[in-house]
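The opening position of the sequence shown corresponds to residue 289 in the numbering used here, with each subsequent residue numbered one higher.
The next block holds one structure in the form of structure tokens; read it before the comments.
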Amino acid sequence: ESLNRHQYLNSVFPHDNSSAIYGINQFSYLFPEEFKAIYLRSKSSRLPRYRTEVQTSIPNVSLPSRFDWRDKHVVTQVRNQQTCGGCWAFSVVGAVESAYAIKGKPLEDLSVQQVIDCSYNNYGCQGGSTLSALNWLNKTQVRLVRDSEYPFKAQNGLCHYFSDSQSGFSIKGYSAYDF
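Written out as structure tokens, the structure reads:
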């Protein structure tokens, strides 16, 4: 079934206009329902609708025909969440990593495990909400430490605090919209 799906997707989306190439990987042996049950466990959150009637002043500048943050070296490598349903934590940590790099800070792998273990109103590897994790980071001003200091274990663990650490990255506010 996976081979048929890959052949179909590659025929519908030719390689010259798409960055995706569909093929065999570690997930290919799973049925779509199995993949969803194992890897897609984020909790949905109600977000305010993005209001299209709000007009902002956009300067009259020409935009590039293509723009990819990866070309600017501000996106970390894709990480494997294994059988941990922590996609919500990977998303939040990736956003924080990139936001700091876009502002000129060094691009670093930050600790997903710290968010899985410490973010309240979430269920660790059993699922969570990106919005809850952002709320936790914003309210507590917890500094996300480097992945090398608090490595990913692919399972729930006890929260480790780094109260004396001046290293790490925290957030000061965020915006989230449902498009």
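Don't be surprised by glycine CBs; every beta carbon is placed ideally from N, CA and C.
Asked, Found
"Distance, Cα to Cα, Y447 vs G392?", "Inspection of the sequence shows that residue 447 is occupied by Cys rather than by Tyr. Whole-angstrom Cα-Cα distance: 30 Å."
"So T364 packs on L395, CB below 8 Å; how close in whole Å?", "6 Å"
"Below 7 Å between beta carbons: does that hold for V418 and W357?", "The sequence given here places Thr at residue 418; Val does not occur at that position. Not closer than 7 Å, so no."
"Tell me where the alpha helix (DSSP H) around H382 begins and ends.", "The question names His, but residue 382 is Gly in the sequence shown. It spans C375 to I390 - the alpha helix (DSSP H) in which G382 sits, taken as one unbroken run."
"Taking Cβ to Cβ, would you say G412 is nearer than 7 Å to N368?", "no"
"Confirm, please, whether the CB-CB distance from N410 to G416 is below 7 Å.", "yes"
"Compute the minimum distance between the beta carbon of G445 and the heavy atoms of the ligand NAP, and state whether it is under 6 Å.", "The ligand content of the structure shown is nil, which means the ligand NAP is not present either."
"Three-state secondary structure (DSSP) at R358?", "helix"
"Run through DSSP, which three-state label would L291 get?", "helix"
"For a test of the three-state rule: what should DSSP assign to F323, helix, strand or coil?", "helix"
"Using 10 angstroms around the beta-carbon of D435, count the other beta-carbons present and answer buried if the total reaches 16, otherwise exposed.", "buried"
"Looking at C-alpha atoms only, which residue of A421, E385 and P352 is the closest neighbour of V366?", "E385"
"What whole-angstrom Cβ distance do K360 and Q401 have, given they're in contact under 8 Å?", "K360 to Q401, Cβ: 27 Å. No contact."
"What is the DSSP secondary structure of L297, reduced to helix, strand or coil?", "helix"
"Per DSSP, what kind of secondary structure is L351 in: helix, strand or coil?", "coil"
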